[in-house]
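J.: Residue numbers (my numbering): 254 to 799.
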Ligand code: NAD
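1. Residue 648: which of 524, 704, 469 sits nearest, CA to CA?
2. On a Cα-Cα basis, can you pick out the residue from 300, 304, 279 that is closest to residue 293?
3. Our contact map puts residue 599 next to residue 543 with C-beta atoms below 8 Å; I'd like the distance itself, whole angstroms only.
4. Just to check my reading of the structure: residue 455 and residue 480 have Cβ atoms closer than 8 Å, yes? What is that Cβ distance to the nearest angstrom?
5. Could you name the residues that DSSP lists as bridge partners for residue 715?
6. With DSSP as the reference, identify every bridge partner of residue 602, one or two as the case may be.
7. Can you name the residues that DSSP bridges to residue 691?
8. Nearest-angstrom Cα distance between residue 254 and residue 385?
9. Within 10 Å of its beta-carbon, does residue 797 have 16 or more other beta-carbons around it, so buried, or fewer, so exposed?
10. Does the beta carbon of residue 612 fall short of 6 Å from some heavy atom of the ligand NAD?
11. So, with DSSP's three-state summary, where would you put residue 256?
12. How many Å lie between residue 405 and residue 629 at the Cα?
13. Who pairs with residue 650 in a beta bridge, going by DSSP?
14. Taking C-beta to C-beta, are residue 548 and residue 597 nearer than 7 Å?
15. Whole beta strand (DSSP E) runs in the segment 713-747 with 3 or more residues, listed along the chain?
16. Roughly how far, in whole angstroms, is the beta-carbon of residue 713 from the beta-carbon of residue 763, given that I think they are within contact range, below 8 Å?
17. Just to confirm the assignment, what range does the alpha helix (DSSP H) spanning residue 635 have?
18. If you draw a straight line from the alpha carbon of residue 668 to that of residue 692, how long is it in whole angstroms?
19. Which runs of the beta strand (DSSP E) fall wholly inside the segment 426-495 and span at least 3 residues, in chain order?
20. Could you compute how far the alpha carbon of residue 621 sits from the alpha carbon of residue 637?
21. Just verifying my parser: in three-state terms, what is the DSSP assignment at residue 364?
22. Any idea what DSSP makes of residue 270, helix, strand or coil?
23. Would you call residue 270 buried or exposed, if buried means 16 or more other Cβ atoms sit within 10 Å of its Cβ?
24. Return the CA-CA distance between residue 429 and residue 756, expressed in angstroms with no decimal places.
25. Assign residue 256 to buried or exposed, taking buried as 16 or more other Cβ atoms, counted over all protein chains shown, within 10 Å of its Cβ.
26. Could you tell me which residues DSSP pairs with residue 577 in its beta bridges?
27. Grouping DSSP H, G and I as helix and E and B as strand, with all else coil, what is residue 813?
28. Buried or exposed: which applies to residue 377, given that a residue is buried once 16 or more other Cβ atoms fall within 10 Å of its Cβ?
29. Near residue 330, what residues of its chain come up, given a Cβ to Cβ distance below 7 Å and the 5 sequence neighbours on each side ignored?
30. Quick one: Cα of residue 578 to Cα of residue 355, how far?
31. Any heavy atom of the ligand NAD closer than 6 Å to the CB of residue 495?
32. Under the three-state reduction of DSSP, which class applies to residue 403: helix, strand or coil?
33. Taking the alpha carbon of residue 662 as the point to measure from, which residue in 420, 778, 695 has its own alpha carbon closest?
34. DSSP state of residue 785, grouped into three classes?
35. Taking only heavy atoms of the ligand NAD into account, decide whether any of them is closer than 6 Å to the Cβ of residue 525.
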């Protein structure tokens, strides 16, 4: 069969990268064997968008909207991206958190069509062969998970595939990474979620998780195979359990073009939020005392990146780490505690311990509390009130996802501090009216960071992804927050501006690539122009040359 036949007739309508559905023009229908296969009236993309929005409106809940949107993505990628880009505030919570969390919890039940690649421990020795089955050769970003720690929802095994799919959609929506450059991957090594294993519609291997040397060898084989088959691809590690995540990042970041979004992407978005918040509260990053509830991937990643930013300003590393304090499920992380996980040790300071979070707030008098525990309602009224007593403008970041896991709500943070809190969350909250003022809570969404970092690394053909790139991305993101945003209490720019913001982040990341000598191709004369040119535009292009 010739390529021509693939791009004609019914096959063309079934090719989501090329399909335009009822928007094929009369000339295109004539030339491409489509006449008779479509209803006669030609619609514009705008009219098709109207129809999609009407269909979404009629759906009874967000999960059904998610299913509808994924169906559209399977049929017509340009239209899917047009719809999401044009309604980003409304639809990002559906294609990503919080709805994607529910979609993963019910993945086997809403499954329609496979998307991305599934690699299992049974594929040992054959991973490169499998990757060659992928239909697109020029992959630039791979998002890979083993499903062990999906959002704050725990081990969802292969059903966690919704996350790599969703994150890659955000790469395209937010930074215009071409859909054909994106590859979602699940490495299925089993699941320890017994309810899932017993679910008759579970899509993954029904076995306990593989651990230890066998697991590590499988991941290394995957990274080697990905580098061999897709030499230009960046690998984003996503939602691995925390002991694996820290080990994999530390062990592989210098050997592959790889980063961990839960550790480094989160860190950059929170660092940006802190820099913006400081424009409201006054003071510098060096003056802050941050108290984290939760000492996992997100928390430790933030602590390390804040320290990197301070070290870059000239502070010694030990002193920089003393700006961050951690409180985990066993209490305040201090030097005298035994059997601390390795990633917590650099932040175990010499101080009296406590297992009471309010007491920790009163002892340390932090300028900011950052919730990354995955445990809801842990920023209680006494905690937030104590923050209000110690600070004129306390910074309260309740980052656990999805919304149901948030440490406190936006309304609570404003109410318990008489409107003085500078609040940000992980999942979106509606605007809050409090004593005649309207606050728009900022969402510390990683989508502000990773798409721009990816775009910058792609355009500069970076061979490694470094912490310096994430600090640069955070600085740029903070600089994009306007005085108007801050007046509304919002420490992040509006999502409506995300494509511009991502392009600017890409520029700052690419500058780091060149400064660090990590480029694999010479710098283009017009770097901002090269970044813009690399961004996929979901508008339809002519299917025939006139
Ligand atoms: P993780 O599993 O690596 O870490 C969770 C940490 O919380 C662990 O240190 C654990 O000991 C601690 N913890 C558990 N129960 C606790 C309790 N009752 N009190 C105090 N600490 C407790 O998970 P993670 O990757 O760090 O993610 C944590 C949360 O942060 C998740 O809900 C995730 O959705 C959220 N998160 C948000 C963003 C964002 O908003 N941009 C980004 C990443 C993660």
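Even for Gly, the Cβ is constructed at its ideal location relative to N, Cα and C.
T.: Quick look at the numbers:
1. 524
2. 279
3. Contact doesn't hold; Cβ gap of about 14 Å is too wide.
4. In fact, because the Cβ distance is near 31 Å, the residues do not count as touching under 8 Å.
5. 772
6. 587
7. Residue pairing by DSSP places residue 691 opposite 686 in a beta bridge.
8. With a pLDDT of 38 at residue 254, under the threshold of 50, the modelled position of this residue cannot be trusted; read the value that follows with caution. For residue 254 and residue 385, the distance between alpha carbons rounds to 20 Å.
9. With fewer than 16 other Cβ atoms from the protein chains shown falling within 10 Å of its own Cβ, residue 797 counts as exposed.
10. Because no heavy atom of the ligand NAD lies under 6 Å away, the Cβ of residue 612 does not count as near it: no.
11. In this prediction, residue 256 scores a pLDDT of 45, lower than 50, which makes its location untrustworthy; the coordinate-derived value is nonetheless stated afterwards. Looking at residue 256 - three-state DSSP - the assignment turns out to be helix.
12. 10 Å
13. 623, 677
14. yes
15. none
16. That belief holds up - the Cβ atoms of residue 713 and residue 763 are roughly 4 Å apart, short of 8 Å.
17. 634-643
18. 11 Å
19. Entirely contained in the segment 426-495, the beta strand (DSSP E) runs reaching 3 residues are, in chain order, 435-441, 487-490.
20. 10 Å
21. coil
22. The answer is coil: DSSP assigns residue 270 none of H, G, I, E or B.
23. exposed
24. 9 Å
25. Any answer about residue 256 is weak, because its pLDDT of 45 lies below 50 and its placement is not dependable; what the coordinates show is given next. Exposed is the call here.
26. 543
27. Residue numbering for the chain in the displayed model covers 254 to 799; residue 813 lies beyond these limits and cannot be assessed.
28. exposed
29. 269, 270, 432
30. 32 Å
31. yes
32. coil
33. For the residues 420, 778, 695, the minimum Cα distance to residue 662 belongs to 695.
34. helix
35. no
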